[in-house]
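K.L.:
Its first residue numbered 1, the sequence shown is counted upward by one per residue in UniProt numbering. Where a beta carbon is used, it is the ideal one built from N, C-alpha and C, also for glycine.
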Amino acid sequence: MIPRHSDPAFFQLLARSHARLLGRPLVPDDVPAGQAAEWLYESAPFAVLAHNTATDPVFMYGNKAAQRRFGYDWDEITALPSRLSAEAPNREERQQFLERVQRLGYESGYKGVRITKTGERFMIEEATLWQLIDDDGKLHGQAVVIPRTSDL
Numbered sequence: 001m002i003p004r005h006s007d008p009a010f011f012q013l014l015a016r017s018h019a020r021l022l023g024r025p026l027v028p029d030d031v032p033a034g035q036a037a038e039w040l041y042e043s044a045p046f047a048v049l050a051h052n053t054a055t056d057p058v059f060m061y062g063n064k065a066a067q068r069r070f071g072y073d074w075d076e077i078t079a080l081p082s083r084l085s086a087e088a089p090n091r092e093e094r095q096q097f098l099e100r101v102q103r104l105g106y107e108s109g110y111k112g113v114r115i116t117k118t119g120e121r122f123m124i125e126e127a128t129l130w131q132l133i134d135d136d137g138k139l140h141g142q143a144v145v146i147p148r149t150s151d152l
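Right, dumping it as structure tokens:
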């Protein structure tokens, strides 16, 4: 099985749903189409995470920038329930944000406290979360772009 970070179909789901809902590309136009998935995973200067539609959603994608910030490798981050990326006191706020995205399709400008694998707290800033909806209208989960973080 091809890893999701190298799967062209998964990249298309990320990129097309982002463009459809937000009206702008996920990957800069100057990145050649054949290299876009690799660029997003290996070189993007922003974190991208995606979780599935399980009752307790689990991350199914985390690019290298996300892995570095949260302190997990690929195998660890793709086994992590996404709620564990926030401390318990901040999970209700995170859940309300996720529910708004379910209703509206996406939301930008989110700011919230997150936690690394080692328990260090940091702030995500100007995050954009969107519904992962394929070309047939099927929901596959949600994804987020985190352009900026700061230590707490």
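Using C-beta distances below 7 Å, list every residue in its chain close to GLN95, excluding the 5 sequence neighbours before and after it, in chain order.
P.N.:
Here the set comprises nothing.
K.L.:
Taking SER17 as the reference, give the member of ARG148, GLN142 and THR149 with the closest Cα.
P.N.:
Answer by Cα proximity: GLN142.
K.L.:
Would you report the Cα separation of SER85 and ASN52, rounded to the nearest angstrom?
P.N.:
C-alpha separation (whole angstroms): 14 Å.
K.L.:
Could you tell me the distance, in whole angstroms, from the CA atom of PHE59 to the CA atom of THR118?
P.N.:
One C-alpha to the other measures close to 18 Å.
K.L.:
Using the Cα positions of ILE133 and ASP30, report the straight-line distance between them to the nearest angstrom.
P.N.:
Cα-Cα distance, rounded: 25 Å.
K.L.:
Are the stretch 87 to 104 and the stretch 28 to 42 touching, with three or more C-beta to C-beta distances below 8 Å?
P.N.:
The answer is no - the stretch 28 to 42 does not touch the stretch 87 to 104, with fewer than three Cβ pairs under 8 Å.
K.L.:
Whose C-beta lies closer than 8 Å to the C-beta of LEU98 among residues of the same chain, with five residues either side of it excluded?
P.N.:
Answer for LEU98: LEU129 and GLN142, listed in chain order.
K.L.:
Would you mind giving the Cβ-Cβ distance between ARG100 and ASP56, rounded to the nearest angstrom? I have them listed as a contact below 8 Å.
P.N.:
No, ARG100 and ASP56 are not in contact; Cβ-Cβ is about 19 Å, not under 8 Å.
K.L.:
I believe LEU49 touches VAL144 by the beta-carbon criterion, under 8 Å. Please report the beta-carbon distance rounded to the nearest angstrom.
P.N.:
Between VAL144 and LEU49 the Cβ distance is about 5 Å, and since that is below 8 Å, they are a contact.
K.L.:
Do you know how far the Cα of GLU38 is from the Cα of ALA9?
P.N.:
When rounded, the distance between both Cα atoms is 13 Å.
K.L.:
What residues in its chain sit with their C-beta under 7 Å from that of PHE46, if we drop five residues either side in the sequence?
P.N.:
Answer for PHE46: ALA65, VAL145, ILE146 and PRO147, listed in chain order.
K.L.:
Checking 8 Å against the spacing of the C-beta atoms, do GLN131 and TYR106 come in under that value?
P.N.:
Contact: yes.
K.L.:
Note down, in chain order, each residue of its chain lying with its Cβ closer than 6 Å to the Cβ of PHE70, except the 5 sequence neighbours on either side.
P.N.:
The answer, listed in chain order, is THR116.
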